[in-house]
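Participant: Residue numbers (the numbering used here): 22 to 174.
Think of the CB as a built atom: it goes at the ideal place given N, C-alpha and C, for glycine as much as any other residue.
A quick note: this is a predicted structure, and the numbers were derived from the prediction, not measured.
Here it is: the structure, laid out below.
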């Protein structure tokens, strides 16, 4: 599906504006829907995991510019891709643990692969990584000062 156009040489995913790549918020809505007996949570996760798989199996280079807040669904849209570029304004976390959920969007896959036991610590605490620490932890593959990244296109 995403690799179907041979004219596409690279896919770049970025947020709109300067505040967030993708701040999440989806998890709270899913948790609230589950409590009310709504079937939306099942469909939501089904579609989200399909998208994460598609991103993770792309042959076309995929670059996620994780500038700003990267939480919830933003984690899934970034960590499964080939390249993740952090800036000094990146704030990366798995906050769903704060409301009693397990780290989703593939957290069970990528968190154990982080250096040391950082992934376990992040899964248990929801701690936030900022700026260059996102790359040093192994979440981002690259770090670039935001003044050198074109975020307006």
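May I ask which residues mark the beginning and end of the alpha helix (DSSP H) holding residue 91?
Facilitator: Where residue 91 is concerned, there is no enclosing alpha helix (DSSP H), although the beta strand (DSSP E) it sits in stretches over 90 to 92.
Participant: How far does the beta strand (DSSP E) with residue 107 in it extend, from its first residue to its last?
Facilitator: Run containing residue 107: 104 to 107, per the beta strand (DSSP E) assignment.
Participant: For residue 53, tell me which candidate among 43, 44, 134, 65 has the shortest Cα-Cα distance.
Facilitator: For residue 53, the nearest C-alpha among the options comes from 65.
Participant: Among residues of its own chain, excluding the 5 on either side of residue 33, which ones have a beta-carbon nearer than 6 Å to its beta-carbon?
Facilitator: The residues are 84.
Participant: Alpha carbons only, please: which of 125, 29, 126 is nearest the one belonging to residue 80?
Facilitator: The shortest Cα separation from residue 80 among 125, 29, 126 belongs to 29.
Participant: Roughly how many angstroms lie between the CA atoms of residue 136 and residue 142, to the nearest whole one?
Facilitator: Taking the straight line from one Cα to the other gives about 11 Å.
Participant: Determine, using beta carbons only, whether residue 170 and residue 113 come nearer to each other than 7 Å.
Facilitator: No, the pair does not count as a contact, with Cβ atoms beyond the cut-off.
Participant: Who are the near neighbours of residue 146 in its chain, counting only those whose CB is closer than 8 Å to its CB and skipping five residues on each side?
Facilitator: Excluding residues within five positions, the ones whose Cβ falls inside 8 Å are 118.
Participant: Any idea what DSSP makes of residue 34, helix, strand or coil?
Facilitator: Residue 34: strand per DSSP, three-state reduction.
Participant: Enumerate in chain order the residues of its own chain whose CB-to-CB distance from residue 61 is below 6 Å, with the five nearest sequence positions on each side excluded.
Facilitator: The answer, listed in chain order, is 54.
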